[in-house]
Amino acid sequence: MLLEIKNLYVKYGNIEALHGISFHVNQGEIVTLIGSNGAGKTTTLHTITRVPPPEGPKVFQGDILYKGESLLNMEAHMIVQTCKIALAPEGRHIFGNLTVEENLKLATFARKDHDKVSKDYKRVYDLFPRMAERRNQRSESLSGGEQQMLAVGRALMTGCNFILLDEPSMGLAPLLMYEMFRTLKKLNEEGMTILLIEQNARLALKFAHRAYVLDTGEIVMEGPAQELADNPEVQKAYLG
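Under UniProt numbering, think of the first position of the sequence shown as 1, with each following residue one higher.
Laid out in structure tokens, this is it:
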């Protein structure tokens with residue numbers, strides 16, 4: 001078991017966002033969290049990576065274990081540097097005044113394996129050829145789909161082997177959306193572990209190995225992704 005969330009309770013101020021959720025991710029898996037807006041999905045990723053906004057979230061019960069070690073007292077940069085966990089956040093949060101390559105370079109600042117950095121540039125440019133074409137272009141001028149590619153590429157440049165993705169298809173045209181997921185599948189086949197939040201639940205369940213359904217801060221259903229995709233309750237609530 002690579003990552004284990006144990007009975008996690010989280011608050012934003014006085015608002016309890018997660019009510020004792022438990023789930024796990026095994027090495028080499030794609031696991032997806034599905035649920036409606038406000039269910040607690042993004043809160044879960046922020047809590048794991050320890051990079052929340054200033055007002056929260058705050059854990060007041062439970063634990064987050066990575067290879068059996070608690071992450072709760074670990075600083076955010078150590079989650080990336082030591083655990084090799086990276087987040088591609090909702091909304092991309094790229095630096096628009098910097099070029100594509102400068103955005104990617106920023107993600108390497110804490111790396112000690114300098115001999116592997118150039119290989120990771122090649123890897124990102126091979127996965128996303130448009131980024132190679134636009135490497136010297138200011139990222140604010142990229143299309144929405146290209147900015148999403150950059151956000152994922154930036155996460156990969158940390159040297160991670162476990163990536164957390166928050167709504168990677170948001171705002172993408174259908175063709176780009178499927179291209180993004182095919183790339184994620186390829187990364188997984190190469191050994192990348194993925195924890196995914198995705199507004200398109202049907203697509204997420206198609207690509208994931210296992211899934212959890214979050215509803216107002218609680219996990220209400222879990223199982224193999226295909227099994228949940230075939231579940232009438234999930235179909236009615238999330239698949240349209």
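We put the CB at the ideal spot given by N, CA and C, even for glycine.
When LEU187, LEU18 and GLY171 are compared against GLU198, the one with the closest alpha-carbon: GLY171
Distance between VAL152 and PRO57 (C-alpha atoms, nearest Å): 23 Å
Entirely enclosed alpha helix (DSSP H) segments - the region 16-78, minimum 4 residues: 41-49
Per-residue DSSP class, three states only, for residue 251: Because the chain here runs from 1 to 240, residue 251 falls outside it and cannot be looked at.
Local conformation of MET221 per DSSP, three classes: strand
For LEU127: DSSP bridge partner residues: LEU127 pairs with nothing; no bridge assigned.
Assumed close pair LEU150, ASN73 - CB separation to whole angstroms, cut-off 8 Å: No, LEU150 and ASN73 are not in contact; Cβ-Cβ is about 32 Å, not under 8 Å.
Option nearest ASN7 by Cα separation, candidates TYR212, GLU16, PHE23 and VAL117: PHE23
Length of the line joining the Cα atoms of GLY240 and ARG202: 9 Å
Beta-carbon separation (whole angstroms), ILE15 vs ILE219, contact threshold 8 Å: With 8 Å as the limit, ILE15 and ILE219 do not qualify as a contact, their Cβ atoms being about 19 Å apart.
Spatial neighbours of LEU71 in its chain, beta-carbon cut-off 6 Å, leaving aside the 5 residues before and after: ILE64
Per DSSP, cross-strand counterpart(s) of ALA211: THR32 and GLY223
Rounded straight-line distance, which links the Cα of GLU227 to that of ASP126: 34 Å
Assigned secondary structure, LEU142 (DSSP; H/G/I helix, E/B strand, else coil): coil
Cβ distance (whole Å) where ILE34 is taken to contact ALA204 below 8 Å: 6 Å
Three-state secondary structure (DSSP) of GLU102: helix
Closest Cα partner of LEU176 within the set VAL80, GLY145 and ILE163: GLY145
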